[in-house]
Amino acid sequence: MIRTERFKGLEEKIGYTFTNKRTLALAMTHSSYANEQRGRRKANNERLEFLGDAVLEVTISDYVFREYPGYNEGRLTKLRSSLVCEYTLAICARDVELGKYLLLSRGEDATGGRERDSILSDAFEALIGAIYLDGGMDRARTFIHTHLLKDVEDKSLFYDAKTILQEMVQAGPDPRLEYVLTREAGPDHNKEFTVEAKIGGKTYAIGKGKTKKGAEQIAAYQTILLLKKRRR
Numbered sequence: 001m002i003r004t005e006r007f008k009g010l011e012e013k014i015g016y017t018f019t020n021k022r023t024l025a026l027a028m029t030h031s032s033y034a035n036e037q038r039g040r041r042k043a044n045n046e047r048l049e050f051l052g053d054a055v056l057e058v059t060i061s062d063y064v065f066r067e068y069p070g071y072n073e074g075r076l077t078k079l080r081s082s083l084v085c086e087y088t089l090a091i092c093a094r095d096v097e098l099g100k101y102l103l104l105s106r107g108e109d110a111t112g113g114r115e116r117d118s119i120l121s122d123a124f125e126a127l128i129g130a131i132y133l134d135g136g137m138d139r140a141r142t143f144i145h146t147h148l149l150k151d152v153e154d155k156s157l158f159y160d161a162k163t164i165l166q167e168m169v170q171a172g173p174d175p176r177l178e179y180v181l182t183r184e185a186g187p188d189h190n191k192e193f194t195v196e197a198k199i200g201g202k203t204y205a206i207g208k209g210k211t212k213k214g215a216e217q218i219a220a221y222q223t224i225l226l227l228k229k230r231r232r
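Be aware that the sequence shown starts at 1, since it is given in full-length UniProt numbering, and climbs by one per residue.
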């Protein structure tokens, strides 16, 4: 049986105390860990992730609809996509140190699973689903608004990051922007690409993703944030 007191620190981080601690434990149980438990029920967080995804979708849709009355459907869709994408959710998961509390198999843990965007984003959605089950829609909505709907202006840049960065660079002193693939690792069905975003030959940010295009987008986004920070 999982010792639920191990998640006390997470409850403090997210500002929500579970009535049913087992629901929180389940949200933190990755399929690799469940499959490693021989002779026991192999429950994992995938069903909670499914539920949390739905709660997240309606909450974000409601938020952008109300907060951006001048946006048409296309702009609303882009904004929502930026806010609920894997990379954004992984950032939010890191903000509450979610990786520290995940239950992973020994193999997944040893290969960096606690920092993998896909695992973190899925766990974040599972956590939303768990809060919804334990405390209802209002508590889940509060959690999303507190931990995801901050820095919306920055997060909204993710969807069109490469285009936005290109425009920023062209307006600067050196218009040379390039993305350099520096690493390609893993089997064909689960590759990870590492890309550097360079301006005028200088590396500004590094992106990692399941595709080269995805890695470029992350590198572009991180470069945008860096440039904005320098200009403040």
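Ideal Cβ placement from N, Cα and C applies to all residues, glycine included. For clarity, every value in this text was computed on a predicted model and none was experimentally measured.
key: Inter-residue Cα distance where the pair is T223 and I164   = Position 223 of the sequence shown holds residue 223. Position 164 of the sequence shown holds residue 164. Approximately 10 Å, taken between the alpha carbons.
inquiry  = Is the separation between the beta-carbon of E216 and that of K162 shorter than 8 Å?
reply    = On the sequence shown, residue 216 is found 216 positions in, with the first residue counted as 1. On the sequence shown, residue 162 is found 162 positions in, with the first residue counted as 1. Yes, they are a contact pair.
key: Cut-off 6 Å between Cβ atoms - residues of its own chain near L51, not counting five sequence neighbours on either side   = Your numbering for residue 51 matches position 51 in the sequence shown. Contacts found: G129.
query = Shortest alpha-carbon distance to K155 belongs to which of Q166, V84, Y68?
reply = As a working note, residue 155 is residue 155 in the sequence shown. Among Q166, V84, Y68, the Cα nearest to that of K155 is on V84.
key: Within the UniProt domain "DRBM" (160-229), ranges of the alpha helix (DSSP H) (whole runs, at least 4 residues)   = 161-170
task = Confirm, please, whether the CB-CB distance from L76 to V64 is below 8 Å.
result = By 1-based counting over the sequence shown, the position of residue 64 is 64. By 1-based counting over the sequence shown, the position of residue 76 is 76. For V64 and L76, yes; Cβs fall inside 8 Å.
request  = List the DSSP bridge partners of T29.
outcome  = Translated into the one-based positions of the sequence shown, residue 29 becomes position 29. Bridge partners of T29: L103.
message = What does the Cβ neighbour count give for L103, buried or exposed, with the cut at 16 atoms within 10 Å?
response = Within the sequence shown, residue 103 is the residue found at index 103, counting from 1. L103 is buried by the Cβ-count criterion.
request  = Provide the residue span of the alpha helix (DSSP H) that contains E5, from first to last.
outcome  = If you number the sequence shown from 1, residue 5 lands on position 5. Note, E5: premise wrong, no alpha helix (DSSP H); not H, not E.
query = On the premise that D122 lies in contact with E49, defined as a C-beta separation below 8 Å, what is that separation, rounded to the nearest angstrom?
reply = Against the sequence shown, residue 49 aligns to sequence position 49. Against the sequence shown, residue 122 aligns to sequence position 122. That pair is a contact at about 5 Å.
task = Within 10 angstroms of the Cβ of E12, are there 16 or more other Cβ atoms? Answer buried if so, exposed if not.
result = In the sequence shown, counting from the first residue as 1, residue 12 sits at position 12. Its Cβ having fewer than 16 others within 10 Å, E12 is exposed.
query = What is the DSSP secondary structure of L120, counted as helix, strand or coil?
reply = For the purposes of this step, residue 120 is taken as the residue at position 120 of the sequence shown. In this structure, L120 counts as helix in the three-state DSSP scheme.
task = Look up S156 in the DSSP assignment and say whether it is helix, strand or coil.
result = Along the sequence shown, read from residue 1 onward, the residue named residue 156 stands at position 156. Correct three-state label for S156: coil.
query = Applying the criterion that 16 or more other CB atoms from any shown protein chain within 10 Å of the CB defines a buried residue, is L89 buried or exposed?
reply = As a position in the sequence shown, residue 89 is number 89, starting the count at 1. Buried is the call here.
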